[in-house]
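Next comes the structure, spelled out in structure tokens:
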């Protein structure tokens, strides 16, 4: 059902999903990390503090995040600043890199040239050795966010996500397949807002900067 047909059926309670990313993190060499990941940098904590006044414009009832280092710290920081509870969910973790965890892209290319060629040929379906494909992580994150929206119908929630989970969440409102996810940038400590009316989502803002 398209949005017009949906709205013609009458008013629906609005559910607001806010998305942000925890960071920057302490990763000067740009290594691949998923869970438990890396801690927030001082710059990351300051950036999240600057986000609080913008978040206070919304009637938020709960913060959710992955149970990883940066996301967990960000959820605690934002929950405390907003005076609302937070919860950490394994289903919101970043894509698991398996044997590539802790490596740079250059190291991956040098050690696993055939696997990298397979990755380039099937960006969404390829899984690193002992790791998770983008399609698998996308489906996991998307279902987790759908469940949160069902749980908080008619309310506003914040998800402190990551590259994969935030884009998967946006695909609930936009026809965005996993292999096209990189076309929507998700910056650290910026705010993306999506309003849902029933199952239909409308993107209201993308990467709002609290200090333009």
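Residue numbers (the numbering used here): 58 to 269.
Backbone N, C-alpha and C define an ideal beta-carbon position, used for all residues, glycine too.
These numbers were taken from a predicted model, which means no experiment stands behind them.
query, result
"At the level of alpha carbons, what is the spacing between residue 259 and residue 167?", "43 Å"
"If you draw a straight line from the alpha carbon of residue 246 to that of residue 84, how long is it in whole angstroms?", "16 Å"
"Which residues mark the beginning and the end of the alpha helix (DSSP H) in which residue 203 is found?", "191-208"
"Identify which residue in 70, 175, 133, 73 has its Cα closest to the Cα of residue 102.", "133"
"Please list the terminal residues of the continuous beta strand (DSSP E) segment that includes residue 146.", "First-last for residue 146: undefined, no H or E at that position."
"Considering only residues of the same chain and omitting the five flanking positions on each side of residue 96, which have a CB-CB separation below 7 Å?", "82, 83, 126, 127, 130"
"Quick check on the burial criterion: 16 or more other C-beta atoms within 10 angstroms. Buried or exposed for residue 232?", "exposed"
"Given residue 221, which residues of its chain have a CB within under 8 Å of its CB, disregarding the five upstream and five downstream residues?", "151, 152, 191, 194, 195, 198, 238"
"Output the residue ranges of the beta strand (DSSP E) runs that lie fully inside the region 234-269 and measure 3 residues or longer, sorted by chain position.", "248-254, 257-265"
"Could you give the distance in angstroms between the alpha-carbon of residue 215 and the alpha-carbon of residue 249?", "10 Å"
"Using the C-alpha atoms, what's the distance from residue 89 back to residue 160?", "6 Å"
"Can you name, in chain order, every residue of its own chain whose Cβ lies under 7 Å from the Cβ of residue 93, other than the five neighbours on each side?", "125, 126"
"Note down, in chain order, each residue of its chain lying with its Cβ closer than 7 Å to the Cβ of residue 210, except the 5 sequence neighbours on either side.", "70, 72"
"Let me confirm a value: residue 78 is counted as buried when at least 16 other C-beta atoms fall within 10 Å, else exposed. Which label applies?", "buried"
"Using CA atoms only, rank isn't needed, just tell me which of 143, 75, 86, 108 is closest to residue 268.", "108"
"Quick one: residues in its chain with C-beta nearer than 8 Å to the C-beta of residue 265, no 5 flanking neighbours on either side, listed in chain order?", "111, 247, 248, 249, 250"
"Exposed or buried, which one is residue 202 when buried takes at least 16 other CB atoms within 10 Å?", "buried"
"Sorted by chain position, which residues of the same chain lie with C-beta nearer than 7 Å to residue 16's C-beta, five sequence neighbours on each side aside?", "Beyond the ends of the chain as shown, which are 58 and 269, falls residue 16; an answer cannot be given."
"Contact check, residue 155 vs residue 177 under 8 Å by CB: the rounded distance?", "With a Cβ gap of about 17 Å, residue 155 and residue 177 do not count as contacting."
"Do residue 74 and residue 253 count as a contact pair if the criterion is CB distance below 9 Å?", "yes"
"With C-beta atoms as the reference, is residue 157 less than 9 Å away from residue 185?", "yes"
"Which of the three DSSP states, helix, strand or coil, is assigned to residue 88?", "coil"
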